[in-house]
Every structure is written in structure tokens, then in C-alpha cells.
Amino acid sequence: MTPVEVIPAKGLTEPLALLEKFLRDGKPVSEQFVERLRRAVEAGDVEIIADLAEGRIVGVLVLAYRLNVSASGHFASIEDLYVRPEARRQGVASALLEAVNERCAARGISYVEVQVEDKEAEDFYAALGYEPEEDVRVLSLSLAIPET
Numbered sequence: 000m001t002p003v004e005v006i007p008a009k010g011l012t013e014p015l016a017l018l019e020k021f022l023r024d025g026k027p028v029s030e031q032f033v034e035r036l037r038r039a040v041e042a043g044d045v046e047i048i049a050d051l052a053e054g055r056i057v058g059v060l061v062l063a064y065r066l067n068v069s070a071s072g073h074f075a076s077i078e079d080l081y082v083r084p085e086a087r088r089q090g091v092a093s094a095l096l097e098a099v100n101e102r103c104a105a106r107g108i109s110y111v112e113v114q115v116e117d118k119e120a121e122d123f124y125a126a127l128g129y130e131p132e133e134d135v136r137v138l139s140l141s142l143a144i145p146e147t
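Just so you know, we're using numbering that gives the first Met the number 0 here: the sequence shown kicks off at 0 and counts up by one.
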């Protein structure tokens, strides 16, 4: 099994490049976003967890910690998870999710959520014990934000 580590705020370049390449078709995130992400990582509100093989990141997961008033506590949300195609089906994503379990347990967080876009991802998470939420529907609204 390859080592998994939490990436510090000053080390975001490589994991972000991987996510940009594969999740954003190579389009970089803005410098403003990078700075906000760095601050969130420094504050402990977000963690970037990477799986390394031969000194190179082969998988990356973005984990956000959030407050929830109705539960009167924190929960965690897997925001992004990506594994390089050549590293798939080798336990990389499972190792990243095991790291999530360990990180959440250390913080006393017992609820982790993830939104998936396809059946394959749903099946993967289900095989690791994730269950569909009953009576929950995800709705979204895209707002037009004026450019500054």
C-alpha cells in the first residue's frame, strides 16, 4: 500500500494541478480560490489528503469539515476524490477513504457525506459502507456573479 498524507497549505500546487487536469479539463482555478483554499487548510476547515507512489501523487481527496446546527456538531464532506487512471483498482481510493475515517475519528466526527454523479461511484462508496440518505434530495441553484 502506498503512503497517504495530509498536504499542508504550502504544498497545494501538485494536488491542485491533478484536480484541475482531470476534473476541470486543465482549466486552473483562480488565484483567489487558491488563496481561500490555503486559508481554509491553515484553519483546519479543509484537508487535502494525497496518496503517493514513488514520490508522485496518484490520488487526491478534498475533505471539508462543516458545522451543522441541527446536529449541534461537525460533519465531514468529501468534496473531491480523484485517482489517476493508471493507479485505479489498486486500493488508492480505499486508502484515501480510510484516511478520512481516521481523520474524522480523531476529531470526534461520526458523519461523513459524499455526493456522487454516477452509478460506478455510488457502488464504490456503497461497498465501503456508505449508504444513501433516505428522504434527502440535492437541489442546486446557479447564481450569476458579476465579474470584478
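For every residue, glycine included, the Cβ atom is placed at its ideal position computed from N, Cα and C.
Note to self: Can you check which of these residues, 88, 118, 46, 26, is closest to residue 102 by C-alpha distance?
What the structure shows: 46
Next item on the list: Please work out which residues of its chain come closer than 8 Å, Cβ to Cβ, to residue 137, disregarding the five sequence neighbours upstream and downstream, and give them in chain order.
Entry: 114
Check: In chain order, which beta strand (DSSP E) runs of at least 3 residues are fully inside the region 3-72?
Finding: 3-6, 45-52, 55-67
Item checked: The alpha helix (DSSP H) enclosing residue 133, as first and last residue numbers -> Neither: residue 133 is in no alpha helix (DSSP H) and is coded neither H nor E.
Notebook entry, point to check: Can you give the Cα-Cα distance for residue 4 and residue 57, rounded to whole angstroms?
Noted result: 12 Å
Notebook entry, point to check: Is the beta carbon of residue 41 less than 8 Å from the beta carbon of residue 61?
Noted result: no
Note to self: Please state whether the Cβ-Cβ distance between residue 106 and residue 64 is less than 8 Å.
What the structure shows: yes
Item checked: beta strand (DSSP E) segment containing residue 111, residue limits -> 111-113
Notebook entry, point to check: So, helix, strand or coil for residue 143, using DSSP?
Noted result: coil
Notebook entry, point to check: Among the residues of its own chain, which have a CB less than 8 Å from the CB of residue 70, if the five just before and after it don't count?
Noted result: 110
Checklist line | For residue 72, the nearest candidate out of 108, 10, 32, 87 (CA to CA) | finding: 108
Check: Starting from residue 124 and walking both ways along the alpha helix (DSSP H), at which residues does that stretch end?
Finding: 118-126
Notebook entry, point to check: Are residue 59 and residue 14 closer than 8 Å when you measure CB to CB?
Noted result: yes
Notebook entry, point to check: Where in the region 66-107 do unbroken runs of the alpha helix (DSSP H), each at least 4 residues long, occur, reported from the N-terminal end onward?
Noted result: 91-106
Next item on the list: Output the distance between the C-alpha atoms of residue 75 and residue 112, rounded to the nearest integer angstrom.
Entry: 6 Å
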